[in-house]
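Undergrad: Protein chains in written order, with my numbering: chain A, 136 to 289; chain B, 136 to 289.
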DNA sequence: ACAATTCCTGACCTTTTTAGTCAAGAATGA
DNA sequence: TCATTCTTGACTAAAAAGGTCAGGAATTGT
């Protein structure tokens, strides 16, 4: 389980754009330098962000990209969905090993575990805004979530 | 972000082996049928599970695979690590866009977000045992984790 | 001892995804 | 009008995922 380059790049770009919010738009090339994103790749990512309505673009000299709304109103989840489609892909219906029906075998015993994981990841992504990323204190929220224990109860 | 086929298959196999715990070992072919895992692929996965010490194998007729310890002492995390190496891969040092140093740009602003996600996912995997998967009530633990809100505080 | 059963090892292959490049064109502002 | 900047979509290379195959070694039942 991993963060793809697109997501990593996109979040870098979005945090940089957050810092520049309210100021002049930043050209793609400038963003590529600042965030160390491969030159031509950055455009592809920015296009996806624009199509998702997260950034606006302006052509011509002194053009570039800017956030379409304040950093506090953009979540990591929106960024991830913009570039990768889904935050957490559904398992059901895949890996059926040739079976016609969904073979989440044995009455779908494990399906709830994936669903909970999906909800956990999705919930996290939705709860984190760009503003929070910029402002947060890294020391906060370090404690392990106590509610997780419930799952391992006998 | 998704569950790979190896992980899905491995967890199916492990739940089936959990049900058979204490009984005669199950041959790979039998497991393949039961869990709808492609015939020759199942052996590869079982080998990894064995090398990780999660299952034992016995050759010869009436041989097969069995859990090496009770279902309550095996976590999803152990299964995932057995087949895929890591539960959550580190982002730092990757996607540096040609830069020599780790370019988690701008003083590693986003790195804490990935680390928290990693801790969340890892914590979940470690908290879930095979016994819990078999015994749990799907209705439980459905509530969204309240502590997540802390991250989005302004 | 022998044959059937079952695991073991590692090479091999195909498909999909990831990651990135490139080029021609259209809009914009100075 | 000209330099700047975004737009579009095709293209490609490398890696990972997903799966297959074959020859060999151990074990058990007879």
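Ideal placement from N, C-alpha and C gives every residue a C-beta, glycine not left out.
From residue 203 of chain B to residue 160 of chain B, what does the alpha carbon distance come to, in whole angstroms?
TA: The residue given as residue 203 of chain B occupies position 68 in the second chain. The residue given as residue 160 of chain B occupies position 25 in the second chain. Whole-angstrom Cα-Cα distance: 11 Å.
Undergrad: Using 7 Å as the threshold, is the C-beta distance between residue 217 of chain A and residue 183 of chain A below it?
TA: Your numbering for residue 217 of chain A matches position 82 in the first chain. Your numbering for residue 183 of chain A matches position 48 in the first chain. Yes. Within cutoff.
Undergrad: In chain order, which continuous runs of the alpha helix (DSSP H) of length 4 or greater are located wholly inside the segment 153 to 226 of chain A?
TA: Those alpha helix (DSSP H) runs which fall completely within the segment 153 to 226 of chain A and span 4+ residues are 163 to 170, 176 to 186, 211 to 219.
Undergrad: Could you check what DSSP says for residue 146 of chain B in three-state terms: helix, strand or coil?
TA: Numbered from 1 along the second chain, position 11 holds the residue referred to as residue 146 of chain B. DSSP places residue 146 of chain B in helix when its eight states are reduced to three.
Undergrad: Answer yes or no: does any C-beta atom of chain A fall closer than 7 Å to that of residue 200 of chain B?
TA: As a position in the second chain, residue 200 of chain B is number 65, starting the count at 1. Output row for residue 200 of chain B: interface = no.
Undergrad: Just to make sure I have the definition right: I need the residues of chain A whose C-beta is within less than 8 Å of the C-beta of residue 140 of chain B. Which are they?
TA: Position 5 of the second chain, counted from the first residue, corresponds to residue 140 of chain B. Within chain A, the residues near residue 140 of chain B are 229, 230.
Undergrad: Report yes if the C-beta distance between residue 264 of chain A and residue 210 of chain A is below 7 Å; otherwise report no.
TA: For the purposes of this step, residue 264 of chain A is identified with residue 129 of the first chain, where counting begins at 1. For the purposes of this step, residue 210 of chain A is identified with residue 75 of the first chain, where counting begins at 1. Result yes, Cβ atoms of residue 264 of chain A and residue 210 of chain A sit closer than 7 Å.
Undergrad: With a CB to CB cut of under 8 Å and the five nearest residues on each side skipped, what residues in its chain are close to residue 185 of chain B?
TA: Position 50 of the second chain holds residue 185 of chain B. Closer than 8 Å at Cβ, skipping near neighbours: 191, 192, 200.
Undergrad: Would you identify the three-state DSSP class for residue 230 of chain B, choosing helix, strand or coil?
TA: Numbered from its first residue, the second chain carries residue 230 of chain B at position 95. Reduced to three states, the DSSP call for residue 230 of chain B is coil.
Undergrad: Give the interface partners of residue 222 of chain B over in chain A, defined as CB-CB distance under 8 Å, in chain order.
TA: Against the second chain, residue 222 of chain B aligns to sequence position 87. Chain A residues near residue 222 of chain B: 136.
Undergrad: With a CB to CB cut of under 6 Å and the five nearest residues on each side skipped, what residues in its chain are close to residue 162 of chain A?
TA: Translated into the one-based positions of the first chain, residue 162 of chain A becomes position 27. Correct list, in chain order: 199.
Undergrad: Name, please, each residue of chain A whose Cβ falls closer than 7 Å to the Cβ of residue 226 of chain B.
TA: To locate residue 226 of chain B, count along the second chain from 1; it is residue 91. 138, 143, listed in chain order.
Undergrad: Short of 8 Å in beta carbon distance, which residues of its chain neighbour residue 154 of chain A, apart from the five on each side in sequence? Order them along the chain.
TA: Reading the first chain from its first residue, position 19 is the one you call residue 154 of chain A. The residues are 269.
Undergrad: Can you check whether the C-beta of residue 257 of chain A is within less than 7 Å of a C-beta belonging to chain B?
TA: Here the question's residue 257 of chain A lines up with position 122 in the first chain. Not closer than 7 Å to any Cβ of chain B, the Cβ of residue 257 of chain A fails to qualify, so no.
Undergrad: Near residue 240 of chain B, what residues of its chain come up, given a Cβ to Cβ distance below 6 Å and the 5 sequence neighbours on each side ignored?
TA: Residue mapping note: residue 240 of chain B aligns to position 105 of the second chain, counting from 1. The pLDDT assigned to residue 240 of chain B is 46, lower than 50, so where the model puts this residue is not dependable, and the model offers no usable value.
Undergrad: Could you say which of B/189, B/207, B/223, B/175 lies nearest to residue 213 of chain B if we only look at CA atoms?
TA: Locating residue 213 of chain B in the second chain gives position 78, counting from the first residue. Cα-wise, what sits closest to residue 213 of chain B is B/189.
Undergrad: Is residue 106 of chain B buried or exposed, if buried means 16 or more other CB atoms sit within 10 Å of its CB?
TA: Given a span of 136 to 289 for chain B in the structure shown, any question on residue 106 of chain B remains unanswerable.
Undergrad: Considering only DSSP beta bridges, list what residue 264 of chain A is partnered with.
TA: Taking the first chain and counting its residues from 1, one reaches residue 264 of chain A at position 129. Answer is A/210, bridged to residue 264 of chain A.
Undergrad: Can you confirm whether residue 245 of chain A, when its beta carbon is compared against all beta carbons of chain B, has any partner nearer than 7 Å?
TA: Within the first chain, numbered from 1, the residue matching residue 245 of chain A stands at position 110. Yes - at least one Cβ of chain B is within 7 Å of the one on residue 245 of chain A.
Undergrad: Just checking my contact of residue 180 of chain B with residue 148 of chain B at CB under 8 Å: how many whole Å lie between their CB atoms?
TA: Translated into positions along the second chain, residue 180 of chain B becomes position 45. Translated into positions along the second chain, residue 148 of chain B becomes position 13. Contact flag correct, Cβ pair sits at about 7 Å.
Undergrad: Kindly list the residues whose CB is nearer than 6 Å to the CB of residue 187 of chain A, restricted to its own chain and excluding five residues on each side of it in sequence; keep chain order.
TA: Taking the first chain and counting its residues from 1, one reaches residue 187 of chain A at position 52. Answer for residue 187 of chain A: 217, listed in chain order.
Undergrad: Around the C-beta of residue 262 of chain A, are 16 or more other C-beta atoms found within 10 angstroms, so that it is buried, or is it exposed?
TA: By 1-based counting over the first chain, the position of residue 262 of chain A is 127. By the 10 Å Cβ count, residue 262 of chain A comes out buried.
Undergrad: For chain B, is any of its Cβ atoms less than 7 Å away from the one on residue 191 of chain A?
TA: Translated into positions along the first chain, residue 191 of chain A becomes position 56. It does not: the Cβ of residue 191 of chain A has no partner Cβ on chain B nearer than 7 Å.
Undergrad: Would you kindly work out how many angstroms separate the C-alpha atoms of residue 286 of chain B and residue 255 of chain A, rounded to a whole number?
TA: Counted from its first residue, the second chain places residue 286 of chain B at position 151. Counted from its first residue, the first chain places residue 255 of chain A at position 120. Below a pLDDT of 50, predicted positions are generally treated as unreliable, and residue 286 of chain B, at 37, falls in that range; no measurement from the model is reported.
Undergrad: For residue 153 of chain B, decide whether its Cβ has a neighbour in chain A, counting only Cβ atoms nearer than 7 Å.
TA: Position 18 of the second chain, counted from the start, is the residue given in the question as residue 153 of chain B. With 7 Å as the cut-off, residue 153 of chain B does not count as an interface residue toward chain A.
Undergrad: Among B/196, B/249, B/142, which residue has its Cα nearest to the Cα of residue 228 of chain B?
TA: As a first step, residue 228 of chain B must be located in the second chain, where it is residue number 93. When only C-alpha atoms are compared, the closest one is B/249.
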